[in-house]
Each structure stands twice: as structure tokens, then as C-alpha cells.
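Asker: Dropping a structure here in C-alpha cells format, bear with me for questions.
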Amino acid sequence: MLGGVFHAAVLFLVAAGLQLVFGVQKILNLACGSFYALGAYAGVSAVNWALAAGAPPPIFPLVLVGAGLGLALVGPVIERLLRTIYDRDESFQLLLTFALVLMFEDVIRFVWGTAPHQLSSAYLVYGQLRVGGLVIPVYNLMGFLLARTRFGRIVRATAENRGMAEAMGVDVSRVYVRVFTLGVALGTVGGALVIPATAAVNEMGIDLIVEAFAVVVIGGLGSMRGAVAGALIVGIMRAVAVATYPEVEMLAIYVVVIAVLVLRPAGLFAKAAA
Amino acid sequence: MSLRLAVAAALGALALFPLAGRDYYATLMLPFFGYGIALLGLNLLFGTTGLLSFGHALFVALGAYTAAFLTSKLGVLDLEVILMAAAVAGAVIALPTGLLCVRYVRIYFGMLTLAFGMLFYSFLLKFYAVTGGDEGMRVLRPRLLGLAWTSFGKVEFLTGPFYYYSLAVLVLGAVVMWRIVRSPFGLGLRAIRENAGKAEFTGVDVRRYRLSAFVVAAVFGAVGGALLPIPTGLADPLLAYWTHSGNLVFMLLLGGFGNFFGPVLGAFVFIVLQDQVMSITQYWRFVFGAILAVVVVFFPQGLTGLLDRRQRAGT
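Residue numbers (my numbering), protein chains in the order written: chain A, 1 to 274; chain B, 1 to 315.
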């Protein structure tokens with residue numbers, strides 16, 4: 001059960017990145033799973049490096065978050081590539097992010113190889129609790145950022161009506177860069193935080209993206225509260241299924257996804273207009 | 001007509017190819033035939049109707065597992081029966097899933113098809129007793145036209161009778177698809193792609209047309225999928241994984257979805273290129289991702305779009 005909540009917390013981070021980018025830029029980013037995987041590998045490397053440098057264990061969560069945030073620097077570069085097709089059909093945008101998925105898979109293979117990377121097990125459970133706790137402040141921070149700050153107001157205005165925001169003097173392309181980078185950061189930090197619980201493996205990115213999709217569909221595209229609810233549903237359902245009927249683990253998630261898409265296509269928490 | 005000439009030349013080259021004695025390249029063509037058929041179906045959905053499916057691999061895997069199930073569990077070895085069964089299985093599964101999927105368009109359609117594909121994938125993976133789980137299922141050598149071809153060795157069989165059989169199925173599939181696309185039904189689908197609202201006003205039953213296109217695409221996917229595992233003798237659950245669906249769309253885009261022969265060309269180029277790149281570097285995914293990115297950004301009409309443009313500029 002605890003594992004389920006932890007998994008839900010990480011899922012929430014990745015799904016939140018997906019939501020943010022979709023909400024503002026209307027791009028469904030398949031590559032968010034790749035960012036997650038990148039974050040995980042970078043997390044292992046960063047902690048091992050910190051360990052070698054003689055850092056005390058209690059700061060490991062900070063090292064992980066730092067590694068995730070540092071990786072978010074790839075965000076602006078990728079946004080630059082995506083910018084070339086903002087005015088194109090969304091099928092093409094989806095395919096371009098699929099191209100990124102393929103490329104990042106091999107980047108990871110090239111840099112870290114095919115063997116799983118893992119921290120020494122001593123920190124596992126200890127880290128899980130602490131790291132799981134980190135997600136609540138992240139959620140609050142996101143809420144504060146989007147609801148209370150000037151940046152948040154601009155982002156929401158752009159998401160609501162791009163043309164109008166532009167007419168009011170908002171530099172939309174700058175907003176896009178920042179939003180996308182924030183989305184990447186959520187993914188990479190999510191990946192870095194998973195490290196105390198599991199090893200980093202090659203397939204983690206493409207496996208997680210389907211789960212993040214499930215979260216987003218269940219919660220409703222573009223909704224932050226929906227991402228929380230969806231992540232909790234998927235995370236806990238997976239934990240329960242693993243404990244009772246391991247055969248139906250993933251099956252159960254997809255059945256819920258399809259049920260939600262059929263009964264409430266806009267998701268459980270979507271605004272009426274979505 | 002230069003198109004007719006090009007198709008005839010391509011067909012002739014494919015027919016003569018196994019005689020050149022390069023068995024390796026002849027066997028390389030076998031997956032191309034299977035993918036070509038599957039992509040003809042996918043293009044009816046995307047190129048003609050404007051629905052991007054990210055779950056077409058479901059039907060390819062369904063066809064492959066139909067072949068596996070019939071040959072190794074039921075002892076049915078006639079390929080004609082297997083292909084018919086795959087087509088029926090594709091239609092039977094596509095009807096209910098299609099009913100749900102075609103209620104949505106654009107990104108929701110893509111996500112729902114992806115979810116169904118992954119549902120099938122986890123079924124294949126977890127129900128070990130029926131599907132063999134992650135080890136997959138064996139596919140035995142089928143009988144062609146009622147003959148077992150026992151005097152042929154494995155490579156001889158694959159590059160001989162099976163090669164021509166697959167080629168014939170691809171040609172047959174292309175002819176059928178050509179007629180579908182040129183029919184009033186195909187015209188209705190194109191009208192839906194351009195403007196679903198207007199199509200509805202002119203009397204096209206949009207939802208039924210979309211559903212029919214979905215079912216036809218599924219049948220083509222399953223028939224193509226049934227041919228795929230025969231050379232390797234193994235049906236693998238990864239055939240249903242979402243990245244495989246992504247690769248199918250990749251092939252389609254590479255060849256060009258705006259042209260009837262685009263998907264077939266895309267399958268051909270993808271398979272030959274994959275073979276070549278894999279022999280050079282183990283990081284072929286990176287190369288392919290970069291190729292896909294370039295195609296999406298600069299040549300959204302794919303290879304056939306490129307050829308078209310050049311032809312038009314030349315005349």
C-alpha cells in the first residue's frame with residue numbers, strides 16, 4: 001500500500017508535466033516518459049558521485065532533486081525543435097515526440113549502457129518515505145505558482161486563449177519555453193525520485209508513459225487535480241492488484257482507462273469546456 | 001502513365017528478386033509484404049479518413065497470434081484458412097473496439113486506440129497458459145495451396161513458395177484497397193477527413209463510415225500480421241506494444257500517407273533501412289528517431305510527396 005502511494009506520487013509528477021504541456025501548448029508529449037528515465041539515470045549517477053565525494057546520506061533527496069532540475073536544461077533545446085511544428089496538425093506533433101522517445105532511448109543506452117543502475121539497498125525504504133513526502137510540497141508549490149503568481153496568471157491566460165494573450169502583450173513563445181521546461185523538470189525530478197525505490201532500467205521510460213497516459217485520461221486532460229486523483233487511482237490499484245491478482249495488474253488499469261474514456265471522455269476532473 | 005510503369009517495374013523486380021540468389025535479402029522482403037498489407041489498412045484510417053491510430057499493432061499482433069494459435073494448438077496448417085481466420089478475428093475484435101473508438105477524433109481517438117492496444121498486450125503477456133506470456137507462441141510452417149512443400153528446406157521454402165504467396169497476398173490486398181478507396185465509400189471517407197460536419201450534411205453517415213474504415217483497417221492489419229511471424233516461427237507479445245504501433249505510423253509517414261502506394265513504399269524503405277543501419281550501429285533507434293524528426297518537420301508528405309513534387313517541377 002505504501003508502495004502504491006509512493007508510485008502514485010512519482011506518477012503524479014510525470015503526469016503533471018504532461019498536463020502542463022498539454023494544457024498550455026496542446027501537445028501530447030510522449031517523450032515525458034523519456035525525461036523520467038533520463039532523470040532516474042542521472043539520479044543514480046548524481047548520488048553515486050555525491051557518495052564518492054563523501055556527502056552525508058540525509059542530503060540524498062536534495063541531490064536527486066538537483067539532478068532532476070539540472071536535466072531540465074534540455075527543455076529549451078527540445079522546445080526549439082517542437083516550435084517548428086506548432087501550427088501543424090496534432091498528429092505530427094505526437095509523432096515528433098515519438099521520434100524523441102526513440103532517440104532518448106538510445107541516448108540512455110549510449111551513456112549508461114543496458115545494465116540496470118541501482119543504489120545500494122541500504123537507503124531504499126528510508127529514502128522512499130522521505131521522497132514520497134517531497135511530492136506534497138511540490139504539488140502545493142505548483143498550485144501556488146499557477147494560481148497566485150504573475151507567471152501563473154500569464155500561463156493560464158495563454159492556455160485559455162493564445163491569440164488574446166498575445167494581443168495583451170504576452171510574449172507567448174517565451175511562455176512556451178518556460179512551460180515546456182517546467183514540464184520537463186517535473187518529469188526528470190519524478191524520475192530522479194524513483195531511484196531510492198527501484199533500479200533504473202532501459203525500458204522504464206516507454207513503460208511509464210502508458211501509465212502516465214492512463215493517469216491523464218482518468219483525471220482529465222489538462223487538469224492538475226485530475227492528475228492527483230488519476231495518479232492515486234492508478235498507483236493504488238496497481239499495488240492492490242499486485243498483492244491480490246498479479247495477472248490483472250496492467251489489465252485492470254487499461255480497463256479503467258477505457259471505462260473512463262467511454263463514460264466520461266473528458267475525464268473525472270475536467271472542466272466542462274475541455 | 002508513369003505511376004503504372006513504376007508499379008509494374010516494382011512488381012517485376014520483386015518477382016525476379018529471389019532468382020538473384022541473394023537469400024538474405026529475399027527473406028528480408030518477407031516482413032515487408034506483411035507490413036505492406038497492414039499499412040494499406042492503416043492508411044485507409046489515417047490518410048483517407050484522417051484518424052491517427054496509435055494502436056494498430058493490436059490487429060497485427062492479433063493476426064500473428066491467430067496464425068500461432070491455429071498452427072501450434074489446433075493443427076490447422078493451411079495458410080488460406082489462417083488468413084481467413086485472421087481476417088475474421090480482426091473484424092470481430094474491431095467491431096466493439098471501433099464502436100467505442102470512433103466516437104472520438106484527433107488526440108482522444110489516438111489515446112483510446114493506444115489503450116486498447118496495451119490492453120491486448122498485457123493480455124498476451126499475463127495469460128501465460130493461452131499465449132505463452134513473454135516467450136510468445138510458436139508458429140509452424142503452414143501449408144500453401146494445400147501442399148506441404150516438404151521437399152523444400154526452410155530457406156528454400158521461405159524464399160520460394162512462401163515469398164510468392166506473400167507477394168500475391170500483398171498485390172491482392174492492394175487491388176482490394178484500391179477499389180475501396182476509389183469507391184463512393186472511399187469518397188465519403190475523404191469528405192469526412194476534409195470536413196466531417198459538411199460530410200454529415202451531404203448525407204454521409206459519419207460514424208458508420210468511420211467504423212467501417214476502422215474494421216477494414218483491422219482486417220488488413222490482421223491479415224498482414226498473420227504473414228509476419230511465419231519466417232521467424234514466433235509470435236511475440238511485443239508485436240502489440242505501443243512502440244510497435246508507433247513504428248507502423250512511422251513507416252506510413254515515411255512513405256507518405258497522401259499517396260496510395262506511400263505506405264507500401266514506407267514499409268519497404270523502413271525495413272531495408274533498418275537492416276542497413278542495424279548492421280552499422282547498435283544505436284539504430286537514435287538514427288531512426290532523427291529520421292522521423294526530419295520527415296515530420298521538413299517532409300510531412302513523406303517520400304512519395306517528395307517524388308511528386310520533383311515530378312511536378314520537372315514537367
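Where a beta carbon is used, it is the ideal one built from N, C-alpha and C, also for glycine.
My parser needs the beta strand (DSSP E) runs of 3 or more residues fully inside the stretch 209 to 267 of chain A; what are they?
Answerer: none
Asker: Where does arginine 138(B) sit, in a helix, a strand or coil, going by DSSP?
Answerer: In the second sequence, counting from the first residue as 1, residue 138(B) sits at position 138. Correct three-state label for arginine 138(B): strand.
Asker: Against phenylalanine 180(A), what residues of chain B qualify as contacts under a CB-to-CB distance less than 7 Å, listed in chain order?
Answerer: Start at 1 with the first residue of the first sequence, and residue 180(A) comes out as number 180. Chain B residues near phenylalanine 180(A): none, gap ~16 Å exceeds 7 Å.
Asker: For leucine 144(B), which three-state DSSP category applies?
Answerer: Locating residue 144(B) in the second sequence gives position 144, counting from the first residue. If DSSP states are grouped into helix, strand and coil, leucine 144(B) belongs with the strands.
Asker: Please tell me whether alanine 213(B) has its Cβ less than 7 Å away from any Cβ of chain A.
Answerer: Counting from 1 along the second sequence, the entry for residue 213(B) is found at position 213. Answer no: the Cβ-Cβ gap between alanine 213(B) and chain A never drops below 7 Å.
Asker: In terms of residue numbering, what span does the alpha helix (DSSP H) encompassing threonine 188(A) cover?
Answerer: Sequence index remark: in the first sequence, residue 188(A) carries index 188 (1-based). From DSSP, the alpha helix (DSSP H) with threonine 188(A) extends over 172 to 194.
Asker: Going by the CB atoms, is the gap between valine 24(A) and threonine 158(A) shorter than 7 Å?
Answerer: Start at 1 with the first residue of the first sequence, and residue 158(A) comes out as number 158. Start at 1 with the first residue of the first sequence, and residue 24(A) comes out as number 24. Against a cut-off of 7 Å, the Cβ pair of valine 24(A) and threonine 158(A) comes out as a contact.
Asker: Under a CB-based cut-off of 7 Å, is glutamate 105(A) close to chain B?
Answerer: Within the first sequence, residue 105(A) is the residue found at index 105, counting from 1. Yes, its Cβ sits closer than 7 Å to a Cβ of chain B.
Asker: Output the distance between the C-alpha atoms of tyrosine 41(A) and tryptophan 112(A), rounded to the nearest integer angstrom.
Answerer: Within the first sequence, residue 41(A) is the residue found at index 41, counting from 1. Within the first sequence, residue 112(A) is the residue found at index 112, counting from 1. Going by the C-alpha atoms only, they are around 7 Å apart.
Asker: Mind listing which residues of the stretch 89 to 101 of chain A have their C-beta closer than 9 Å to chain D's C-betas, in chain order?
Answerer: In the structure shown, chain D cannot be found, because the protein chains are A and B.
Asker: Closer than 7 Å, CB to CB, is threonine 84(A) near chain B or not?
Answerer: Sequence index remark: in the first sequence, residue 84(A) carries index 84 (1-based). It does; some Cβ of chain B falls within 7 Å.
Asker: Tell me, please, whether the CB atom of methionine 250(A) is closer than 7 Å to any CB atom in chain B?
Answerer: In the first sequence, residue 250(A) corresponds to position 250, counting from 1. Closer than 7 Å to some Cβ of chain B, the Cβ of methionine 250(A) qualifies, so yes.
Asker: Which of the three DSSP states, helix, strand or coil, is assigned to histidine 56(B)?
Answerer: Here residue 56(B) refers to the residue found at position 56 of the second sequence. If DSSP states are grouped into helix, strand and coil, histidine 56(B) belongs with coil.
Asker: Return the residues of the stretch 235 to 253 of chain B that lie within a Cβ-Cβ distance of less than 7 Å from chain A, sorted by chain order.
Answerer: Per Cβ criterion, the list reads Trp242, Thr243, Gly246, Val249 and Leu253.
Asker: For a test of the three-state rule: what should DSSP assign to alanine 235(B), helix, strand or coil?
Answerer: Your numbering for residue 235(B) matches position 235 in the second sequence. Look at alanine 235(B) here: in three-state DSSP terms it is strand.
Asker: Is the distance from the Cβ of valine 223(B) to the Cβ of leucine 19(B) below 7 Å?
Answerer: On the second sequence, position 223 is the one that residue 223(B) refers to. On the second sequence, position 19 is the one that residue 19(B) refers to. Cβ distance not < 7 Å, so valine 223(B) and leucine 19(B) don't count as in contact.
Asker: Between valine 257(A) and chain B, is there a C-beta pair that is closer than 7 Å?
Answerer: In the first sequence, residue 257(A) corresponds to position 257, counting from 1. By this cut-off, valine 257(A) is an interface position.
Asker: Take glycine 41(B) and list the residues in its own chain whose beta-carbon comes closer than 8 Å to its own, dropping the five residues that flank it on each side.
Answerer: By 1-based counting over the second sequence, the position of residue 41(B) is 41. Taken in chain order, the residues that qualify are His56, Phe59, Met177, Val216, Ala217, Ala218, Val219, Phe220, Gly221 and Gly224.
Asker: Roughly how many angstroms lie between the CA atoms of valine 260(A) and isoleucine 233(A), to the nearest whole one?
Answerer: Taking the first residue of the first sequence as position 1, residue 260(A) is located at position 260. Taking the first residue of the first sequence as position 1, residue 233(A) is located at position 233. Near 12 Å, if we compare the C-alpha coordinates of isoleucine 233(A) and valine 260(A).
Asker: Between the C-alpha atoms of valine 255(A) and leucine 119(B), what's the straight-line distance to the nearest angstrom?
Answerer: Taking the first sequence and counting its residues from 1, the one referred to as residue 255(A) is at position 255. Taking the second sequence and counting its residues from 1, the one referred to as residue 119(B) is at position 119. Approximately 7 Å, taken between the alpha carbons.
Asker: Based on DSSP bridge pairs, tell me the residues matched to aspartate 78(B).
Answerer: Taking the first residue of the second sequence as position 1, residue 78(B) is located at position 78. Aspartate 78(B) is bridged to Arg143(B).
Asker: Under three-state DSSP, which class holds alanine 15(A)?
Answerer: Within the first sequence, the letter at position 15 stands for residue 15(A). Alanine 15(A): helix per DSSP, three-state reduction.
Asker: Classify threonine 150(B) as buried or exposed, calling it buried when 16 or more other Cβ atoms lie within 10 Å of its own Cβ.
Answerer: Position 150 of the second sequence, counting from 1, holds the residue named residue 150(B). When all chains shown are included, threonine 150(B) counts as exposed.
Asker: Taking C-beta pairs closer than 9 Å, name the residues in chain B that valine 215(A) reaches, listed in chain order.
Answerer: The residue labelled residue 215(A) in the question sits at position 215 within the first sequence. Residues of chain B passing the Cβ test: none, with the nearest at roughly 12 Å.
Asker: So, does the stretch 200 to 207 of chain A touch the stretch 27 to 44 of chain A, judging by three or more C-beta pairs under 8 Å?
Answerer: yes
Asker: Measure the C-alpha to C-alpha separation of isoleucine 85(A) and phenylalanine 257(B) and round it to an integer number of angstroms.
Answerer: Reading the first sequence from its first residue, position 85 is the one you call residue 85(A). Reading the second sequence from its first residue, position 257 is the one you call residue 257(B). So the alpha carbons of these two residues sit roughly 18 Å apart.
Asker: Which same chain residues, not among the five before or five after glycine 17(A), have their C-beta less than 6 Å away from its C-beta?
Answerer: Looking up residue 17(A) in the first sequence gives position 17. Closer than 6 Å at the Cβ level, and outside the excluded window around glycine 17(A), lie Cys32, Gly183, Leu186 and Gly187.
Asker: Kindly indicate if chain A contains any beta-carbon less than 7 Å away from that of leucine 83(B).
Answerer: The residue given as residue 83(B) occupies position 83 in the second sequence. It does not: the Cβ of leucine 83(B) has no partner Cβ on chain A nearer than 7 Å.
Asker: Within a Cβ cutoff of 8 Å, which residues of the same chain sit near valine 248(A), ignoring the five residues on either side of it in sequence?
Answerer: Locating residue 248(A) in the first sequence gives position 248, counting from the first residue. Same-chain partners within the cutoff: Ala241.
Asker: Short of 9 Å Cβ to Cβ, which residues in the stretch 16 to 36 of chain A face chain B?
Answerer: Identification of residues in the stretch 16 to 36 of chain A having a C-beta nearer than 9 Å to some C-beta of chain B yields Phe22, Lys26, Leu28 and Leu30, given in sequence order.
Asker: Note the first and the last residue of the continuous alpha helix (DSSP H) segment covering valine 278(B).
Answerer: Locating residue 278(B) in the second sequence gives position 278, counting from the first residue. Note on residue identity: the sequence assigns methionine, not valine, to residue 278(B). Counting along the chain, the alpha helix (DSSP H) containing methionine 278(B) begins and ends at 262 to 280.
Asker: Determine the DSSP secondary structure at alanine 213(B), reduced to helix, strand or coil.
Answerer: In the second sequence, the residue the question calls residue 213(B) occupies position 213. Helix.
Asker: Reducing DSSP to helix, strand and coil, say where alanine 200(A) ends up.
Answerer: Along the first sequence, read from residue 1 onward, the residue named residue 200(A) stands at position 200. If DSSP states are grouped into helix, strand and coil, alanine 200(A) belongs with the strands.
Asker: So isoleucine 206(A) contacts chain B; which residues on that side make the cut at Cβ distance below 7 Å?
Answerer: Translated into the one-based positions of the first sequence, residue 206(A) becomes position 206. Simply Thr243.
Asker: Looking at C-beta atoms only, is the number of pairs between the stretch 125 to 143 of chain B and the stretch 223 to 238 of chain B that lie closer than 8 Å three or more?
Answerer: With the cut-off at 8 Å, the stretch 125 to 143 of chain B and the stretch 223 to 238 of chain B touch.
Asker: Measuring straight from C-alpha to C-alpha, what distance separates leucine 307(B) and valine 7(B)?
Answerer: Walking along the second sequence from the start, residue 307(B) turns up at place 307. Walking along the second sequence from the start, residue 7(B) turns up at place 7. Those two C-alpha atoms are separated by around 14 Å.
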